[in-house]
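The structure under discussion appears below in the form of structure tokens.
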Amino acid sequence: MIVVRNVFRLKFGKAREAVALLKEGVAIQRRLGLAATHLRLLTDVTGPFYTVVLEITVPSLSDFETTLPKVMGDKDFQANYQKVAPLVDSGYREIYNIVA
């Protein structure tokens, strides 16, 4: 199993708006059949302010890579992404193996 963590560093004061839009994005990804066994949104409690993490658990990296183009090519996802992008200062992706 693999955990993919997409970390978004948001613009000041934009967390509520971004979380609402990211929830819509999660619904779109589920509708499109993203190969996720677990998908959740996390918000900061400590650490850098205005941080949101989209955490996706997938059976394998190849499963993630196979379904990603379908999600990225979807018109609804693209429209959602265009709304989220202006709220984000920066971001990065972490990918981990689940070992226990």
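Numbered according to the numbering used here, the sequence shown spans residues 143 to 242. By construction, the Cβ of each residue, glycine as well, lies at the ideal position given by its N, Cα and C atoms. Since the model is a prediction, treat every value here as computed from it, not as a measurement.
Membership of tyrosine 238 in any alpha helix (DSSP H) is not indicated; the residue belongs instead to the beta strand (DSSP E) covering 230 to 239.
Ranking Leu183, Val200, Val146 by CA distance to the CA of alanine 157 puts Leu183 first.
Note on geometry: alpha-carbon atoms of threonine 209 and phenylalanine 191 lie some 31 Å from one another. In chain order, Leu163 place their CB closer than 7 Å to the CB of lysine 225, counting only its own chain and leaving out the 5 sequence neighbours on each side. For valine 226, the secondary structure class from DSSP, reduced to helix, strand or coil, is helix.
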